[in-house]
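A.B. asks:
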Amino acid sequence: MRALIIIIVIAALHGLPQNLYAQGGIGHTLEKIEVRGNEKTRAELIRRVLPIEQGTPLREGDLERCTEVLERLSLFRTVLVNAKPGSNKGQAILVVYVQEKRFGGLGLSLEYTELNGFGLSADAHHANLNGTGKVMGAAYTLGERLKRWGFQYTDPLVLKSNQSFHLQVSGSSADRDLYRSSDANVRGRYDLERIGGSLGLGHPSPQRAFRLIFKYAFEAIQVGAFEKPTVLTNGGLFANEIESEIGREALSYVTLELHKQPTTIWGQKPGFNFGARLDISTKAIGSVSNFIRLRTELYRHIQLYPNHMLSLGGRGGLIWGTPPFYERFYLDGENQLRGVDRRDIGPEGGTQFFMAEALYHLRIKPLGSAYAFAEAGGLRRPIPNTNRHQEDTDFSVGIGFLLFNRIDISFGISTGTVIVKSHRFGGINIDL
13 MRALIIIIVI AALHGLPQNL YAQGGIGHTL EKIEVRGNEK TRAELIRRVL
63 PIEQGTPLRE GDLERCTEVL ERLSLFRTVL VNAKPGSNKG QAILVVYVQE
113 KRFGGLGLSL EYTELNGFGL SADAHHANLN GTGKVMGAAY TLGERLKRWG
163 FQYTDPLVLK SNQSFHLQVS GSSADRDLYR SSDANVRGRY DLERIGGSLG
213 LGHPSPQRAF RLIFKYAFEA IQVGAFEKPT VLTNGGLFAN EIESEIGREA
263 LSYVTLELHK QPTTIWGQKP GFNFGARLDI STKAIGSVSN FIRLRTELYR
313 HIQLYPNHML SLGGRGGLIW GTPPFYERFY LDGENQLRGV DRRDIGPEGG
363 TQFFMAEALY HLRIKPLGSA YAFAEAGGLR RPIPNTNRHQ EDTDFSVGIG
413 FLLFNRIDIS FGISTGTVIV KSHRFGGINI DL
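Residue numbers (this note's numbering): 13 to 444.
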């Protein structure tokens, strides 16, 4: 039935007068905005997020911007935007047709990551409370190296404005190594516990292409269960640093975050993704230390042929000040390279980092994607009590597979390393 409705809408759009349809109504004054196809989502929400308003002239690119903004809400399977003649000459009516996704889900799965090992994860979420686009979700993970719980709530149009409200509360307990080694005397270990939350307000740019989010976050951090390596690496400076921070301390910071949309290397369509985050931590707001941290991400997706995509991009970061060791950059977790073992580069972390990659990926429906990659990464950090810096970089090329958008396995041909960036062994997922 829905497919038939889409066909009818497309046919109707193609039946518009050619002079208006061909120009997309450019230059015509917008008489009103018609919203069709929405069953649960309020039409007011759709109208408010659009980068154009009633009474303003349609400009070049407005229809494409409207489509992109609505797709970024992640509420709709299909978005069609076009213009039709208005009641009077020189006027146009914007027609928005949407096909809604399911708005909630329950999940239970067995997972594996390079950093945290095996774990059992459960989550529940609702992405369109009362048709207002509000998101509420909770998740819990119980694993061999990580225990974590979290709750989040987002209101995209708080108080009927274009401001968004973000609330997040979480806690975790992680078992971490100092160095990657099969010898426990070299490896060492410690526990890192975090509990805290954040509050944020977001504001879109005039054309809704970017969103700026201001956040305040507070965490209680505890370092414990420290096992100092008996075979010291780099003079034992890193081990001494961790030992000096055993106990509980507070970390708080304010954050400015600017993004076009959530950054990912898996481009579903041509274009670019951009994100930047600036964290400011100071003792004036109750933090354990003073530092400023900047992190940026940029990916460009180029479609060469149908189902063939070239993605170019990377991430980088810089820290000024004296952050605690657990707030430095590490090349593991979300920064895990595809052909280099975790923390093989700069295991002590760094105050500067970069990672760049080029991926040529071929979509193989419905299995996922096969890809070839070339990547480089590096870390730089000051050596305590000296004026010197320690630098470490590496490079790899290889191949990989993304199966069912859940299993990401890569092989570094130049390094002979197999990396499982993420692996969901399956489970139960129920759409609501």
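By construction, the Cβ of each residue, glycine as well, lies at the ideal position given by its N, Cα and C atoms. This one's a predicted model, so the numbers in the text were calculated from it and none came from an experiment.
With a Cβ-Cβ cutoff of 8 Å, do E126 and S133 count as a contact?
C.D. replies: Stepping through the sequence shown from its first residue, residue 126 is reached at position 114. Stepping through the sequence shown from its first residue, residue 133 is reached at position 121. No, these two residues do not count as a Cβ contact at 8 Å.
A.B. asks: Going by beta carbon distance, what residues of the same chain come within less than 8 Å of E46, once the five residues before and after it are set aside?
C.D. replies: Taking the first residue of the sequence shown as position 1, residue 46 is located at position 34. So the list reads I105, L106, V107, V108, once near-sequence residues are dropped.
A.B. asks: Determine the direct distance from the alpha carbon of A384 to that of F416, and round the result to whole angstroms.
C.D. replies: Numbered from 1 along the sequence shown, position 404 holds the residue referred to as residue 416. Numbered from 1 along the sequence shown, position 372 holds the residue referred to as residue 384. F416 and A384: Cα-Cα distance of roughly 17 Å.
A.B. asks: Nearest to R84 by CA position, among Q66, V61, L324, is which residue?
C.D. replies: For the purposes of this step, residue 84 is taken as the residue at position 72 of the sequence shown. It is V61 whose Cα lies nearest to the Cα of R84.
A.B. asks: Can you give the Cα-Cα distance for K146 and I425, rounded to whole angstroms?
C.D. replies: Mapped onto the sequence shown, residue 146 falls at position 134. Mapped onto the sequence shown, residue 425 falls at position 413. Near 45 Å, if we compare the C-alpha coordinates of I425 and K146.
A.B. asks: Between which two residues does the beta strand (DSSP E) harbouring V110 extend?
C.D. replies: In the sequence shown, counting from the first residue as 1, residue 110 sits at position 98. 103-112 is the extent of the beta strand (DSSP E) around V110.
A.B. asks: Identify, in the order they occur along the chain, each residue of the same chain with its Cβ nearer than 6 Å to the Cβ of F284, setting aside the five sequence neighbours on each side.
C.D. replies: Position 272 of the sequence shown, counting from 1, holds the residue named residue 284. Once the five neighbours on either side are set aside, the close Cβ partners of F284 are R312.
A.B. asks: Where V432 and F423 are concerned, what is the direct C-alpha to C-alpha distance, given to the nearest angstrom?
C.D. replies: Along the sequence shown, read from residue 1 onward, the residue named residue 432 stands at position 420. Along the sequence shown, read from residue 1 onward, the residue named residue 423 stands at position 411. C-alpha separation (whole angstroms): 9 Å.
A.B. asks: Relative to the alpha-carbon of V170, which residue among P241, F130, G214, S184 has its alpha-carbon at the smallest distance?
C.D. replies: The sequence position of residue 170 within the sequence shown is 158, counting from 1. It is G214.
A.B. asks: Going by DSSP, which residues form a beta bridge with L179?
C.D. replies: As a first step, residue 179 must be located in the sequence shown, where it is residue number 167. In the DSSP output, where bridge partners are listed per residue, L179 has Y165, L211.
A.B. asks: Flag this pair as touching only if the stretch 313-323 and the stretch 393-400 have three or more C-beta atom pairs under 8 Å; answer yes or no.
C.D. replies: No: fewer than three Cβ pairs fall under 8 Å.
A.B. asks: What first and last residue would you give for the alpha helix (DSSP H) that runs through L249?
C.D. replies: The count along the sequence shown starts at 1 and reaches residue 249 at position 237. L249 -> alpha helix (DSSP H) spans 249-256.
A.B. asks: How far does the alpha helix (DSSP H) with V170 in it reach, from first residue to last?
C.D. replies: Within the sequence shown, residue 170 is the residue found at index 158, counting from 1. First-last for V170: undefined, no H or E at that position.
A.B. asks: Exposed or buried, which one is H401 when buried takes at least 16 other CB atoms within 10 Å?
C.D. replies: By 1-based counting over the sequence shown, the position of residue 401 is 389. Exposed.
A.B. asks: What is the DSSP secondary structure of T275, reduced to helix, strand or coil?
C.D. replies: Along the sequence shown, one-based indexing puts residue 275 at 263. Because T275 sits at a pLDDT of 45, beneath the cut-off of 50, its placement in the model cannot be relied upon, and the following sentence gives the value as read from the coordinates. Three-state result, T275: coil.
A.B. asks: For the 8 Å Cβ check, are there 3 or more pairs between the stretch 196-211 and the stretch 367-379?
C.D. replies: Short answer: they don't touch.
A.B. asks: Between the beta-carbon of G73 and the beta-carbon of L42, is there less than 8 Å?
C.D. replies: By one-based count along the sequence shown, residue 73 stands at place 61. By one-based count along the sequence shown, residue 42 stands at place 30. Not in contact: G73 and L42 (Cβ atoms no closer than 8 Å).
A.B. asks: Which residues in the same chain have their Cβ closer than 8 Å to the Cβ of G27, if we skip the five residues on either side of it in sequence?
C.D. replies: The count along the sequence shown starts at 1 and reaches residue 27 at position 15. With a pLDDT of 46 at G27, under the threshold of 50, the modelled position of this residue cannot be trusted; read the value that follows with caution. Nothing meets the Cβ criterion.
A.B. asks: Note down the Cα distance separating R48 from I38, rounded to an integer number of angstroms.
C.D. replies: In the sequence shown, residue 48 corresponds to position 36, counting from 1. In the sequence shown, residue 38 corresponds to position 26, counting from 1. Answer to the nearest angstrom: the Cα atoms are 22 Å apart.
A.B. asks: T363 and R340 - do their beta-carbons sit closer together than 8 Å?
C.D. replies: Locating residue 340 in the sequence shown gives position 328, where the first residue counts as 1. Locating residue 363 in the sequence shown gives position 351, where the first residue counts as 1. Cβ atoms of R340 and T363: closer than 8 Å.
A.B. asks: Three Cβ pairs or more, each shorter than 8 Å: is that satisfied between the stretch 184-194 and the stretch 351-360?
C.D. replies: The stretch 184-194, when compared against the stretch 351-360, does touch it at the 8 Å Cβ threshold.
A.B. asks: How would you write the range of the beta strand (DSSP E) that M409 sits in, first residue to last?
C.D. replies: Counting from one through the sequence shown, the residue named residue 409 turns up at place 397. First, the residue type needs correcting, since residue 409 is Val and not Met in the sequence shown. Unbroken beta strand (DSSP E) run through V409: 401-415.
A.B. asks: In its own chain, which residues sit with a C-beta less than 6 Å from the C-beta of L249, not counting the 5 before and 5 after it?
C.D. replies: If you number the sequence shown from 1, residue 249 lands on position 237. Excluding positions up to five away in sequence, the list reads P396.
A.B. asks: Please go through the stretch 307-351 and give each complete beta strand (DSSP E) segment of 3 or more residues, from N-terminal end onward.
C.D. replies: Entirely contained in the stretch 307-351, the beta strand (DSSP E) runs reaching 3 residues are, in chain order, 320-333.
A.B. asks: Can E257 be considered in contact with the ligand GDP, in the sense that its beta carbon sits closer than 7 Å to one or more heavy atoms?
C.D. replies: For the structure depicted, the ligand GDP is absent and the ligand set is empty, with no information on it obtainable.
A.B. asks: Which first and last residues belong to the alpha helix (DSSP H) in which R59 is found?
C.D. replies: Looking up residue 59 in the sequence shown gives position 47. Taken as a continuous stretch (DSSP letters only), the alpha helix (DSSP H) holding R59 covers 55-61.
A.B. asks: So, at 6 Å on beta carbons, what are the nonlocal neighbours of V181 in its own chain, with the 5 sequence-adjacent residues on each side left out?
C.D. replies: By 1-based counting over the sequence shown, the position of residue 181 is 169. Once the five neighbours on either side are set aside, the close Cβ partners of V181 are F163, G209.
A.B. asks: In three-state terms, what does DSSP make of L244?
C.D. replies: Looking up residue 244 in the sequence shown gives position 232. Here L244 sits in coil by DSSP.
A.B. asks: State yes or no: is the C-beta of E253 within less than 8 Å of the C-beta of V300?
C.D. replies: Residue mapping note: residue 253 aligns to position 241 of the sequence shown, counting from 1. Residue mapping note: residue 300 aligns to position 288 of the sequence shown, counting from 1. No, these two residues do not count as a Cβ contact at 8 Å.
A.B. asks: Give the DSSP-derived three-state secondary structure of R71 in the structure shown.
C.D. replies: Here residue 71 corresponds to residue number 59 of the sequence shown, with the count starting at 1. R71: coil per DSSP, three-state reduction.
A.B. asks: How many Å lie between N94 and Q111 at the Cα?
C.D. replies: Start at 1 with the first residue of the sequence shown, and residue 94 comes out as number 82. Start at 1 with the first residue of the sequence shown, and residue 111 comes out as number 99. Roughly 15 Å separates the two Cα atoms.
A.B. asks: In whole angstroms, what separates the C-alpha of T90 from that of P378?
C.D. replies: Mapped onto the sequence shown, residue 90 falls at position 78. Mapped onto the sequence shown, residue 378 falls at position 366. The straight-line gap from Cα to Cα measures roughly 19 Å.
A.B. asks: Short of 8 Å in beta carbon distance, which residues of its chain neighbour V198, apart from the five on each side in sequence? Order them along the chain.
C.D. replies: Looking up residue 198 in the sequence shown gives position 186. Only Y191, P241, V243, T245 meet the Cβ criterion.
A.B. asks: Please name the residue or residues paired with T125 in a DSSP beta bridge.
C.D. replies: Here residue 125 refers to the residue found at position 113 when the sequence shown is read from its first residue. Paired residue(s): G129.
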